[in-house]
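These notes concern the structure reproduced below.
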Amino acid sequence: MIAQGTAPALKYTAQNDAAEAIHVENLHKRFGELHVLKGVSLSARDGEVIAIIGGSGSGKSTLLRCINCLENPTSGIVRVNGEEIRMKADSHGHTVPADRKQIERIRSKLGMVFQNFNLWSHMTLIENVIEVPVHVLGVKRDVAIAEAEKLLARVGLAEKRDVYPAYLSGGQQQRAAIARALAINPRVMLFDEPTSALDPELIGEVLKVIGDLAREGRTMVLVTHEMKFAREVATHVVYLYNGLVEEEGPPEQIFGAPKSERLKQFLRNVG
Amino acid sequence: MARPACYIIGAASTRKSRGHKLSDVLATIFGASSLELLSFQPPNGRGLSLLHGLANSVGIAFGSFGVGLVIGIGGAYGKLYGGPVVRDLLEVYTTVVRAVPELVLILLLYFAGTDLINQLLTALGHAAIDINGVVAGIGVLGVVQGAYSTEVLRGAILGIPQGQIEAARAYGMPPGLLLRRITLPAMLPFAIPGLANLWLIATKDTALLAIVGVNELTQTTRTAAGATKAYFTFFMAADALYLVLTLVSNVVIGRVERWARRGMPSIAGSH
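Just so you know, the sequences run in chain order A and B.
Position one of the first sequence corresponds to residue 1 (the working numbering), numbered consecutively onward.
Position one of the second sequence corresponds to residue 272 (the working numbering), numbered consecutively onward.
Shown next as structure tokens:
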């Protein structure tokens with residue numbers, strides 16, 4: 001599926017002096033009494049592929065969703081593209097974005113791919129892909145359509161352009177969702193367990209698309225349960241346990257020579 | 272027994288002998304003299320005034336349904352996403368309007384409402400105005416429709432898979448665009464059955480306005496029937512017009528529903 005020989009050579013294209021696309025510092029998130037994130041820091045430089053792994057309830061999806069404020073962090077710093085998301089306390093004492101326009105601007109640079117695809121059911125695939133470029137980013141419709149056709153062809157769905165999502169398999173829907181994310185020409189792509197809702201035989205086609213994007217140097221933050229895949233495409237792996245970073249490092253170290261007992265245990269369980 | 276009647280009407284209207292085949296049949300049922308009352312020839316024929324009444328009824332139904340939709344969209348949004356004060360106010364509105372008989376509401380809003388407007392106008396130094404019955408009818412029924420629409424649309428919005436709303440937020444859609452491009456079209460399939468009911472109720476609720484003297488179909492029918500004593504003829508004619516309105520509505524509703532459900536596979540056996 002993924003050419004083992006070529007991966008390492010491309011994996012280290014990210015330079016240490018590359019600009020920091022995402023910077024998360026001492027992030028906390030509480031849901032009422034539940035303290036989900038207890039001070040997590042994370043950094044993604046241009047060209048890096050950050051894989052976040054961890055058990056159920058470790059906070060990995062919450063961490064990803066805090067980056068584009070689908071969940072509002074309780075405290076901590078999130079910088080996207082060097083721009084810090086300004087937060088304020090609302091009348092109930094919850095932390096909310098201080099500036100809606102800023103959040104919308106930042107979000108339109110982050111291409112999010114969801115576990116359940118979340119394609120818009122009343123739009124055909126091509127309409128799904130051009131929706132944000134045309135209506136949020138102000139791209140001309142014909143330009144957006146031409147671009148969207150290329151992207152759909154790229155994920156192998158050119159002939160499905162006028163089909164509604166409900167008529168497609170999960171793997172096809174997820175590939176269309178990736179095309180939708182690519183259409184905004186995102187600075188960073190965020191993947192929230194992109195293969196967890198798929199039948200086993202459909203996982204491969206989606207991982208292939210994501211793997212191709214990783215190898216061409218797309219900056220990505222990827223929450224995943226696919227350890228083999230994370231090892232192949234990630235430049236940096238973060239293992240979360242109980243709302244904290246338990247161990248992080250290059251994939252060779254995390255998967256080949258884990259230090260933490262909990263990580264060893266986790267890898268034994270998922271392996 | 273009926274045959275002579277046919278010949279009588281045939282003789283009475285030799286000047287326009289074409290197109291009377293149906294009238295011949297109807298005349299056997301209703302009697303010749305009363306059927307002539309439905310013709311479009313004044314002074315005896317009152318067909319035109321019935322059609323005028325129908326036009327007013329349709330206009331009021333359209334207007335009140337539209338006003339109800341606008342109130343309903345705002346109401347549903349307020350109930351789902353508004354602050355505590357907004358939610359409580361809307362709860363009072365929907366509860367009171369749905370608790371009080373419509374006839375009572377119509378009497379109350381029509382007389383008290385127009386009186387209030389005129390008192391306001393005189394207080395502001397303007398002359399009192401004579402409020403058009405059709406406009407007042409639209410206002411009164413619109414308030415009633417709005418309460419029911421609020422609940423229909425609230426339910427429909429809750430029926431949208433939340434991931435579709437989340438995806439729109441994740442791509443930086445501002446609230447107004449999200450409402451227009453995602454929420455409204457995505458909730459439509461869930462709202463159509465309830466809204467279709469409301470539309471048909473609106474067409475028939477216009478009849479209640481006869482009580483306050485609005486010149487809609489029931490009122491014109493009552494006037495015509497009272498003046499000619501041909502009650503059966505006129506009320507059967509009005510019934511037929513209401514039935515035609517419903518049948519035409521059903522065709523339109525069917526088309527709208529097929530369009531709204533375009534992204535959803537049809538349920539097996541439904542087509």
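Every residue gets a Cβ at the ideal spot worked out from N, C-alpha and C, and that includes glycine.
Computed from a predicted structure; not experimentally measured.
Other residues of its chain near residue i: CB distance less than 8 Å, five sequence neighbours each side excluded
i: Pro275 of chain B; result: Only weak support exists for where Pro275 of chain B lies, its pLDDT of 44 falling under 50; the value from the coordinates is given anyway. For Pro275 of chain B, where only same-chain residues beyond five positions count, there are no Cβ hits under 8 Å.
i: Leu392 of chain B; result: Ala398, Ala399, Ile400
i: Pro97 of chain A; result: Cys69, Asn72, Ile85, Arg86, Met87, Lys88, Ile103
i: Arg358 of chain B; result: Gly349, Lys350
Cα-Cα separation, residue i to residue j
i: Glu362 of chain B; j: Gly47 of chain A; result: 52 Å
i: Gly318 of chain B; j: Ile377 of chain B; result: 28 Å
i: Val368 of chain B; j: Glu422 of chain B; result: 12 Å
i: Lys228 of chain A; j: Gln433 of chain B; result: 31 Å
i: Ala283 of chain B; j: Glu307 of chain B; result: With a pLDDT of only 44 at Ala283 of chain B, under 50, the local geometry of the prediction cannot be trusted, and no value is derived from it.
i: His35 of chain A; j: Val341 of chain B; result: 41 Å
i: Met1 of chain A; j: Gly204 of chain A; result: Residue placement at Met1 of chain A is flagged as unreliable, the pLDDT there being 40, under the threshold of 50; the coordinate-derived value follows with that caveat. If I take the Cα positions, the gap works out to 8 Å.
i: Thr504 of chain B; j: Gly354 of chain B; result: 55 Å
i: Val338 of chain B; j: Tyr419 of chain B; result: 12 Å
i: Arg100 of chain A; j: Tyr364 of chain B; result: 31 Å
i: Val329 of chain B; j: Lys475 of chain B; result: 10 Å
i: Gly346 of chain B; j: Leu412 of chain B; result: 16 Å
i: Leu459 of chain B; j: Ala18 of chain A; result: 47 Å
i: Ala496 of chain B; j: Glu373 of chain B; result: 25 Å
i: Ala427 of chain B; j: Tyr352 of chain B; result: 14 Å
i: Phe266 of chain A; j: Val132 of chain A; result: 39 Å
i: Met220 of chain A; j: Asn118 of chain A; result: 19 Å
i: Lys208 of chain A; j: Val155 of chain A; result: 9 Å
Residue i, DSSP secondary structure in three states
i: Thr95 of chain A; result: strand
i: Asp386 of chain B; result: helix
i: Ala531 of chain B; result: helix
i: Ile85 of chain A; result: coil
i: Gly249 of chain A; result: strand
i: Asn26 of chain A; result: strand
i: Leu168 of chain A; result: coil
i: Gly345 of chain B; result: helix
i: Asp142 of chain A; result: helix
i: Val237 of chain A; result: strand
i: Ser320 of chain B; result: helix
i: Ile50 of chain A; result: strand
i: Phe191 of chain A; result: strand
i: Arg65 of chain A; result: helix
i: Lys38 of chain A; result: strand
i: Val519 of chain B; result: helix
Same chain, Cβ closer than 7 Å to residue i, five either side skipped, listed in chain order
i: Ile344 of chain B; result: Leu424
i: Gly324 of chain B; result: Asn486, Glu487, Leu488, Gln490, Thr491, Thr492
i: Glu247 of chain A; result: Tyr239, Ile254, Pro258, Lys259, Ser260, Leu263
i: Gly534 of chain B; result: none
i: Ser537 of chain B; result: none
i: Leu198 of chain A; result: Gly170, Gly171, Gln174, Val206
Sub-9 Å separation of residue i and residue j beta-carbons
i: Val136 of chain A; j: Glu104 of chain A; result: yes
i: Ala51 of chain A; j: Ala21 of chain A; result: no
i: Leu110 of chain A; j: Gly76 of chain A; result: no
i: Val223 of chain A; j: Leu63 of chain A; result: yes
i: Ile178 of chain A; j: Val206 of chain A; result: yes
i: Arg175 of chain A; j: Leu157 of chain A; result: yes
i: Ile431 of chain B; j: Phe461 of chain B; result: yes
i: Ile106 of chain A; j: Gly443 of chain B; result: yes
i: Ala144 of chain A; j: Ala183 of chain A; result: yes
Sequence-distant residues of its chain with Cβ nearer than 6 Å to residue i (five each side left out)
i: Ile463 of chain B; result: Glu528, Ala531
i: Ile126 of chain A; result: Ala148, Arg161
i: Asn389 of chain B; result: Ala399
i: His23 of chain A; result: Ser43, Arg79
i: Val233 of chain A; result: Val49, Gly211, Ala214
i: Asn327 of chain B; result: Val405, Asn486, Glu487
Chain B residues whose Cβ lies nearer than 8 Å to that of residue i
i: Arg105 of chain A; result: Gly443
i: Val132 of chain A; result: Tyr442, Gly443, Met444
i: Ser108 of chain A; result: Tyr442, Gly443
i: Leu70 of chain A; result: Glu437, Arg440, Ala441
i: Ile184 of chain A; result: Tyr442
Under 9 Å by beta carbon: chain A residues contacting residue i
i: Leu488 of chain B; result: Under the 9 Å cutoff, chain A gives no residues; its nearest Cβ is about 37 Å from Leu488 of chain B.
i: Ala398 of chain B; result: Correct list: empty, because the minimum Cβ distance to chain A is about 46 Å.
i: Ala457 of chain B; result: Trp120, Ser121, His122
Cross-chain neighbours of residue i in chain A, by beta carbon under 8 Å
i: Pro536 of chain B; result: Ala166, Tyr167
i: Arg533 of chain B; result: His122, Tyr164
Where residue i meets chain B, residues with beta-carbon distance less than 7 Å
i: Phe114 of chain A; result: Gly434, Ala438
i: His135 of chain A; result: Leu448, Arg452
Amino acids of chain A, ordered along the chain, whose beta-carbon sits closer than 7 Å to that of residue i
i: Ile453 of chain B; result: Trp120
i: Arg369 of chain B; result: By Cβ distance, chain A contributes nothing, its closest Cβ being about 30 Å from Arg369 of chain B, past 7 Å.
i: Ala427 of chain B; result: Under the 7 Å cutoff, chain A gives no residues; its nearest Cβ is about 13 Å from Ala427 of chain B.
Within chain B, the residues that residue i reaches when beta carbons sit closer than 9 Å
i: Val155 of chain A; result: Here the premise fails: no neighbours, minimum Cβ distance about 17 Å.
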